[in-house]
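Novice: If you're matching positions, the sequence shown starts at 0 in numbering that gives the first Met the number 0 and goes up one per residue. Backbone N, C-alpha and C define an ideal beta-carbon position, used for all residues, glycine too. Predicted model only: the values in this text are computed from it and were never measured. So that we are looking at the same thing, I have put the structure below in structure tokens.
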Amino acid sequence: MSHKIAILGASGYTGAELVRLIATHPGMQIVALSADRKAGQSMGAVFPHLRHLDLLELVTIDQIDFGGVDLVFCALPHATSQEVIRELPKTVKIVDLSADFRLRDAAAYEKWYGKPHAAPEQQAEAVYGLTEFYRDEIRAARLVAGTGCNAATGQFALRPLIAAGVIDLDEIVIDLKTGVSGAGRSLKENLLHAELSEGTHAYSAGGTHRHLAEFDQEFSAVAGRPVQVQFTPHLLPANRGILATVYVRGSAETVHETLRAAYADEPFLEVLPFGELPSTRHVRGSNFCHLGVVGDRIAGRAVVVAALDNLTKGSSGQALQNANLMLGNAETEGLMLAPVFP
């Protein structure tokens, strides 16, 4: 059976990544692609790397007939998604890639995103989309909220350790580097080549990054008590990829064994042999996350490093993984492509 798929916001990076992945998916057919400013253009004109595909022309959302659509991927900007999803038919399943439904508490959303939640009824039914930890809920969901790409990376490194009680919950530091595509495709002066290349810099330091809301929500739920981490992201002069270096207090060998056991049967999470560390170039363009653990010269401390592609495992690949569960497909369908190297 081929499920009919609509992608809203197909002219952005995550929308294009969804098209790339679904193009070879045996159980999905793209029947609608929306854009705002680029409506009326072909996907091949907007993204020349997709010109070989037989794709429909980009249209505005109000031109789409959702009556025959099984699932919608919503790759729209924050705040826009709430307004659009609120009006979609109840018969349509939805995977949202924005931040609009990630936070269960509407007050927390208003605090971190600066405006009241516009769709509280839909928020109440949304399931957090970190696939490996919410499979059963995702299978039964109508609306799944994709995680932040930084938030996913940090959680893959830490959730099993918090659940197992093998690290000090009051001493967790996440130092994260991310590629520039995570900022989206809109024109921004600080993302121009001359402004960004040949350097790197920290941003949203001191506890101001919005993905901290997800860390607070998820880590506290796992631990059964409040957990706050230190988190500083850095912008790399690279197109894709996230590398998170996480510093924890605990036995390095126990940390490694805990992660290895937790992810032993996970198709997309690869724990490297103890002492080996991952690289973003080994997961580029794939739905895989590689994790490594080393000990520190200071006894009782460990370093966990996680690498994934922000556009795939951190966003569109995760979205497709969730959609597979929601539609009754094999979870890995369309996602086992090997990373691109070099």
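1. If you follow the beta strand (DSSP E) that threonine 257 is in, where does it begin and where does it stop?
2. Figure out for me which residue from Thr331, Gln317 and Gly249 has the closest Cα to the Cα of isoleucine 161.
3. In or out: leucine 290 buried (at least 16 other Cβ within 10 Å) or exposed?
4. Could you tell me the distance, in whole angstroms, from the CA atom of phenylalanine 100 to the CA atom of phenylalanine 273?
5. Hey, could you find the ends of the beta strand (DSSP E) glycine 299 is sitting in?
6. Give, in chain order, every unbroken run of the alpha helix (DSSP H) that is at least 4 residues long and sits entirely within the segment 168 to 202.
7. Counting Cβ pairs, one atom from each stretch, are 3 or more of them under 8 Å apart for the segment 306 to 316 and the segment 141 to 150?
8. Can you have a look at methionine 325 and say buried or exposed, based on whether 16 or more other CB atoms are within 10 angstroms of its CB?
9. Using 10 angstroms around the beta-carbon of lysine 92, count the other beta-carbons present and answer buried if the total reaches 16, otherwise exposed.
10. Is it buried or exposed, isoleucine 171, if we count other Cβ atoms within 10 angstroms and call 16 or more buried?
11. Does the segment 70 to 90 touch the segment 10 to 26, meaning 3 or more C-beta pairs lie closer than 8 Å?
12. Quickly, what does DSSP pair glycine 291 with across the bridge? List them, please.
13. Going by DSSP in three states, tyrosine 133 sits in which element: helix, strand or coil?
14. Which residue from His210, Asp174 and Asn238 puts its Cα closest to that of leucine 195?
15. From which residue to which residue does the alpha helix (DSSP H) around glutamine 216 run?
16. Going by CA-CA distance only, name the one from Gly14, Val143 and Glu256 that's closest to proline 76.
17. Taking all protein chains shown into account, do 16 or more other C-beta atoms lie within 10 angstroms of the C-beta of isoleucine 297, making it buried, or fewer, making it exposed?
18. Tell me which residue opens and which closes the alpha helix (DSSP H) that lysine 110 is part of.
19. What did DSSP end up calling valine 83 once you bin it into helix, strand or coil?
20. Could you please give the first and the last residue of the uninterrupted alpha helix (DSSP H) stretch that includes alanine 322?
21. For valine 143, which residues from the same chain have a beta carbon less than 6 Å from its beta carbon, with the 5 sequence-adjacent residues on both sides left out?
22. Cα separation between histidine 210 and glycine 183?
23. Would you kindly work out how many angstroms separate the C-alpha atoms of arginine 224 and histidine 192, rounded to a whole number?
24. Closest by CA to alanine 106, which one among Ala318, Ser185 and Gln216?
25. Quick check on methionine 335: buried or exposed, where buried means 16 or more other Cβ atoms within 10 Å of its Cβ?
26. According to DSSP, glutamine 40 sits in a beta bridge with which residue or residues?
27. Check the C-beta distance from proline 232 over to tyrosine 202 and give it rounded, since I have them as a contact under 8 Å.
28. Going by DSSP, what residue range makes up the beta strand (DSSP E) through glutamate 269?
29. Name, in chain order, the residues that DSSP records as bridge partners for histidine 233.
30. Would you verify that the beta carbon of tyrosine 127 is, or is not, closer than 8 Å to some beta carbon of chain D?
31. What separation, rounded to the nearest whole angstrom, lies between the Cα atoms of valine 221 and glutamine 40?
32. Taking only three categories from DSSP, how would you classify threonine 331?
Specialist: Answer, in terms of the structure:
1. Segment 251 to 261 is the alpha helix (DSSP H) holding threonine 257; no beta strand (DSSP E) there.
2. Gly249
3. buried
4. 37 Å
5. No beta strand (DSSP E) contains glycine 299, which DSSP labels as neither H nor E.
6. 192 to 195
7. yes
8. buried
9. buried
10. buried
11. Look at the beta carbons and you see the segment 10 to 26 touching the segment 70 to 90: at least three pairs across the two are nearer than 8 Å.
12. In the DSSP output, where bridge partners are listed per residue, glycine 291 has Val304.
13. coil
14. Asn238
15. Taken as a continuous stretch (DSSP letters only), the alpha helix (DSSP H) holding glutamine 216 covers 211 to 222.
16. It is Gly14 whose Cα lies nearest to the Cα of proline 76.
17. Residue burial annotation: isoleucine 297 is exposed, with fewer than 16 other C-beta atoms found within 10 angstroms of its C-beta.
18. 105 to 112
19. helix
20. 316 to 326
21. Val94, Val126, Gly128, Ile137 and Asn321
22. 16 Å
23. 44 Å
24. When only C-alpha atoms are compared, the closest one is Gln216.
25. exposed
26. In the DSSP output, where bridge partners are listed per residue, glutamine 40 has none listed.
27. 6 Å
28. 268 to 270
29. Lys176 and Ala201
30. The chain inventory of the structure shown lacks chain D, comprising one protein chain alone.
31. 46 Å
32. coil
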